[in-house]
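Taken in order, the sequence shown gives residues 414 to 783; the numbers are from my numbering.
What follows is a short report on a single structure.
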Amino acid sequence: MIDRLHLDAPFWLLLLPLAALPWLSRARDARVLPWTALLPRDPAADWLLRLRKLLGSLAIAAIVTSLAGPYRAQTTVERIGRGSEIVLLLDRSRSMDQPFVETPRSINPYWQEKRQGALYSGDAAEGKGRIARAVLADFARGRPHDLIAYIVFSSQPITVLGFTQNQDMIDAAIAAGDVGRGLQDTDIGRALLAGAALWDDRPWRGSRTLVLVSDGGAQLDDETRARIAWELRRRQVAINFIYIRSYNSHGLHEQVAEDDIAKIPELALHHWLGSLGLSYHGYEAENATDLRQAIADIGARENAPIAYTETEPRRPFAPGLRWLAFAAVLGWWALLLPGWLAGRAGRGARPAARSGLPLRAARQQQGDVS
Numbered sequence: 414m415i416d417r418l419h420l421d422a423p424f425w426l427l428l429l430p431l432a433a434l435p436w437l438s439r440a441r442d443a444r445v446l447p448w449t450a451l452l453p454r455d456p457a458a459d460w461l462l463r464l465r466k467l468l469g470s471l472a473i474a475a476i477v478t479s480l481a482g483p484y485r486a487q488t489t490v491e492r493i494g495r496g497s498e499i500v501l502l503l504d505r506s507r508s509m510d511q512p513f514v515e516t517p518r519s520i521n522p523y524w525q526e527k528r529q530g531a532l533y534s535g536d537a538a539e540g541k542g543r544i545a546r547a548v549l550a551d552f553a554r555g556r557p558h559d560l561i562a563y564i565v566f567s568s569q570p571i572t573v574l575g576f577t578q579n580q581d582m583i584d585a586a587i588a589a590g591d592v593g594r595g596l597q598d599t600d601i602g603r604a605l606l607a608g609a610a611l612w613d614d615r616p617w618r619g620s621r622t623l624v625l626v627s628d629g630g631a632q633l634d635d636e637t638r639a640r641i642a643w644e645l646r647r648r649q650v651a652i653n654f655i656y657i658r659s660y661n662s663h664g665l666h667e668q669v670a671e672d673d674i675a676k677i678p679e680l681a682l683h684h685w686l687g688s689l690g691l692s693y694h695g696y697e698a699e700n701a702t703d704l705r706q707a708i709a710d711i712g713a714r715e716n717a718p719i720a721y722t723e724t725e726p727r728r729p730f731a732p733g734l735r736w737l738a739f740a741a742v743l744g745w746w747a748l749l750l751p752g753w754l755a756g757r758a759g760r761g762a763r764p765a766a767r768s769g770l771p772l773r774a775a776r777q778q779q780g781d782v783s
């Protein structure tokens with residue numbers, strides 16, 4: 414704590430010796446008596462006097478210290494919460510700019526047939542990529558303890574944001590993908606390698622999750638598969654594949670002949686990821702509701718204890734010191750109040766005390782005059 418304490422204007426501390434002024438003054442007795450030794454000892458009054466001096470010193474010291482501008486510097490603190498380190502991999506290819514299904518405005522003459530199918534979702538004006546970004550942004554907002562990284566990919570992966578808990582940065586990074594049109598090609602293999610590389614030189618914090626959102630699969634060669642498997646296994650990364658299914662395409666859970674799986678990119682990717690021996694879950698999303706349900710399921714599952722860092726901003730202490738000085742002054746005045754009230758009550762006897770006559774003689778003189 415001491416090494417994080419700083420001062421904006423330390424020269425004000427040269428005035429701290431002024432806090433001794435209340436102890437240098439001597440209280441004067443308002444009464445005039447012929448012999449003060451006749452007064453009995455009053456321990457309570459002595460302690461009240463010391464307390465007044467202490468409050469005066471405290472007020473002066475607090476004011477001087479507040480002028481010096483003390484503050485605690487910004488720091489990071491490690492805490493334990495529940496969540497995960499999550500890498501979001503979002504397909505940015507041109508197909509993600511299309512809606513989930515074709516709409517009645519399509520030039521496809523078979524749209525009437527599609528309209529009767531289960532995949533038709535009405536007037537789907539927004540593209541799959543835009544809806545996916547909105548769902549991922551909502552997911553990130555509900556995960557305050559997670560460390561989230563974000564990568565978009567088509568033919569090449571682009572690391573938009575490294576691991577962070579800053580929600581404003583995450584929102585801005587996800588929104589930045591909603592610019593322009595995507596490219597034609599998709600290379601999921603490079604995207605998976607880029608996602609795994611984000612954990613290079615990072616200590617184990619408790620949970621690592623990779624969320625891949627794409628409307629296609631990938632035909633990966635043996636060398637690429639071996640490299641991806643090695644990178645993911647040595648980092649113990651849980652994998653979640655959200656496949657945005659297009660109209661008339663194969664589903665991840667379809668029963669297909671073993672020889673035909675390798676010919677269907679999304680099925681080949683799904684089966685291969687499930688064979689790595691890591692925690693793997695595959696989801697199908699035919700509309701925005703399916704996509705939200707898949708993300709919600711991932712969020713409910715990735716809730717293990719995790720160590721995370723939290724940035725504590727600079728904290729000034731001057732306002733608290735000013736309030737302390739104000740309270741000390743109020744206490745000082747409160748201790749003076751009983752003596753002031755007693756002085757007003759005894760104001761009638763003050764002329765007799767000033768004349769030096771005994772109180773009984775003064776009363777006799779007042780009776781003679783009357």
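Ideal Cβ positions, reconstructed from N, Cα and C, are used throughout, including at glycine.
- Positions of the alpha helix (DSSP H) runs, each at least 4 residues long and wholly inside the segment 657-690, are given as 671-674, 678-687 in order along the chain.
- Under the criterion of beta carbons closer than 8 angstroms, L704 and I499 do not qualify as touching, at roughly 16 angstroms.
- Spanning the alpha carbons of I564 and R646 requires a straight line of approximately 20 angstroms.
- About 7 angstroms separates the Cβ atoms of W436 and S470, confirming a contact at the 8 angstroms cut-off.
- The way I'd put it, the segment 604-622 does touch the segment 717-726; three or more beta-carbon pairs between them come closer than 8 angstroms.
- Apart from the 5 residues on each side of it in sequence, R648 sits with its Cβ closer than 8 angstroms to the Cβ of A609, W612, R621 in its chain, given in chain order.
- The beta-carbon separation of H694 and L665, rounded to 10 angstroms, does not stay under the 8 angstroms limit for a contact.
- With a 10 Å radius around the Cβ and a threshold of 16 neighbouring Cβ atoms, F552 comes out buried.
- The Cβ atoms of L461 and L743 do not sit closer than 8 angstroms to each other.
- The beta carbon of E491 sits closer than 7 angstroms to those of A720, T722, all from its chain and outside the five residues before and after it, given in chain order.
- Under the 10 Å beta carbon count, Q578 is surrounded by 16 or more other beta carbons and is classified as buried.
- Check the Cα spacing between D710 and each of V548, R638, A474: the tightest is with V548.
- DSSP, read as helix, strand or coil, puts T599 in coil.
- F654 sits buried, since 16 or more C-beta atoms from the chains shown fall within 10 Å of its C-beta.
- Going by beta carbons, R546 and Q569 fall outside the 8 angstroms limit.
- Between the alpha carbons of W685 and L625 lies a gap of roughly 14 angstroms.
- Looking at the DSSP output, R621 sits in a beta bridge with E498.
- The beta carbon of A707 lies closer than 7 angstroms to those of I655, Y696, A698 in the same chain, with the five residues before and after it left out.
- With contacts defined by Cβ atoms closer than 8 angstroms, D504 and S627 form a contacting pair.
- With a 10 Å radius around the Cβ and a threshold of 16 neighbouring Cβ atoms, E715 comes out buried.
- D598 counts as exposed, since fewer than 16 other beta carbons sit within 10 angstroms of its beta carbon.
- A474 is classed as buried because its beta carbon has at least 16 other beta carbons within 10 Å across all chains shown.
- Apart from the 5 residues on each side of it in sequence, P678 sits with its Cβ closer than 7 angstroms to the Cβ of G629, G630, A631, Q632 in its chain, given in chain order.
- Within the same chain, Cβ atoms closer than 8 angstroms to the Cβ of Q487 are found at T724, E725, P726, R727, the five residues on either side in sequence being excluded.
- Per DSSP, reduced to three states, the secondary structure at V573 is strand.
- It is roughly 15 angstroms from the alpha-carbon of W745 to the alpha-carbon of A433.
- The distance from the Cβ of G496 to that of D584 is about 18 angstroms, inconsistent with a contact at the 8 angstroms cut-off.
- Put simply, of L501, S567, I476, V477 the residue whose alpha carbon is nearest the alpha carbon of M509 is S567.
- Secondary-structure assignment with DSSP links E723 through a beta bridge to V490.
- DSSP places E636 in the helix class (H, G or I) of the three-state scheme.
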